[in-house]
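Just so you know, the sequence shown maps onto residues -22 to -1, 1 to 53 in mature numbering (1 follows the signal peptide of the UniProt record, and there is no 0).
Notes follow once the structure below has been shown.
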Amino acid sequence: MRWWVFVGALAGILSAAPGTHGACVYEGSLHANQSSWRPESCRECTCHGDVPLCSPVRCPNLQCDFQRGEYLRLP
């Protein structure tokens, strides 16, 4: 049980509001039990009971169309 509490703390869980049994609170947003969402493009979270579990998602490599010697300059 301690492991789940530790995972929850790492995931940024806030204490659940009264009456939200079986739902997850993640970064201030309420998510239904067994629902999935992506807080970032390469990370997916799923609500299990009242514990959100997040894991990295394999994202495709972005292919840039740069010629040899060119580089991206950010302002």
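Where a beta carbon is used, it is the ideal one built from N, C-alpha and C, also for glycine.
Computed from a predicted structure; not experimentally measured.
By the CB criterion at 8 Å, Pro34 and Cys20 fall inside the cutoff. When only Cα atoms are considered, Glu22 and Ser13 end up about 11 Å apart.
Judged by beta-carbon spacing, Asp28 lies beyond the 8 Å limit of Ala10, meaning their Cβ atoms are not closer than that value. Secondary-structure assignment with DSSP links Pro34 through a beta bridge to Arg21. For Arg46, the secondary structure class from DSSP, reduced to helix, strand or coil, is coil. Linking Leu50 to Arg16 through their CA atoms gives a straight-line distance of about 28 Å.
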